[in-house]
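Residue numbers (the working numbering): 1 to 169. So the structure is just underneath, and the comments pick up after that.
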């Protein structure tokens with residue numbers, strides 16, 4: 001049964017977040033349909049998920065703190081999205097794109113980034129299979145949760161293109 005609410009989701013701790021409708025609650029994960037949304041992000045090529053997300057977070061925090069073309073402060077949002085694209089090169093680096101969603105009040109007039117590599121991107125409507133867990137994950141725990149969600153989706157015969165994990169802190 002689909003549920004939608006104007007209330008902010010618990011994991012956002014009162015921060016603005018992208019609009020979604022929860023479609024299902026399964027054993028071990030939830031299924032959400034996210035509305036089209038606007039994000040600000042940066043991509044790093046790294047071995048380590050944690051190193052890439054830490055570096056990306058610092059750039060994006062500077063952006064919301066006013067390091068943008070209008071020197072405008074932008075409220076923090078939740079969750080922080082990290083897209084990982086595994087590399088096929090010999091070095092084994094992966095591309096990690098770290099993204100903050102643009103708050104609703106800035107959708108029409110999003111300040112343009114002023115730092116190289118930081119970009120405004122639009123993400124179309126999508127369905128996300130979500131596992132929630134607390135804390136700031138290490139590379140090891142991130143891999144564990146990816147494997148767990150993948151196993152659950154295989155169990156339920158679901159296909160997936162995106163894997164989202166939402167930290168409670």
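Note that the Cβ used here is the ideal one computed from N, Cα and C, for glycine as well.
- For residue 100 and residue 59, the gap between their C-alpha atoms comes out near 11 Å.
- Only residues of its own chain outside the window of five on either side were considered, and among them 33 have a CB closer than 6 Å to the CB of residue 127, listed in chain order.
- Contact between residue 18 and residue 37 holds: their C-beta atoms lie close to 4 Å from each other, under 8 Å.
- Sorting 26, 28, 50, 22 by C-alpha distance to the C-alpha of residue 140 places 50 at the top.
- Contact annotation: residue 40 and residue 131 have beta-carbon atoms that are not nearer than 8 Å.
- For residue 154, the closest C-alpha among the options 105, 26, 103 is that of 26.
- Taking the Cβ atoms as the reference, residue 115 lies roughly 7 Å from residue 62, within the contact range of under 8 Å.
- Residue 35 has its alpha-carbon roughly 26 Å from the corresponding atom of residue 65.
- Residue 151 sits in a helix when the DSSP states are folded into three classes.
- Counting only unbroken stretches of 3 or more residues, the beta strand (DSSP E) elements lying wholly within the region 53-99 are 80-85, in sequence order.
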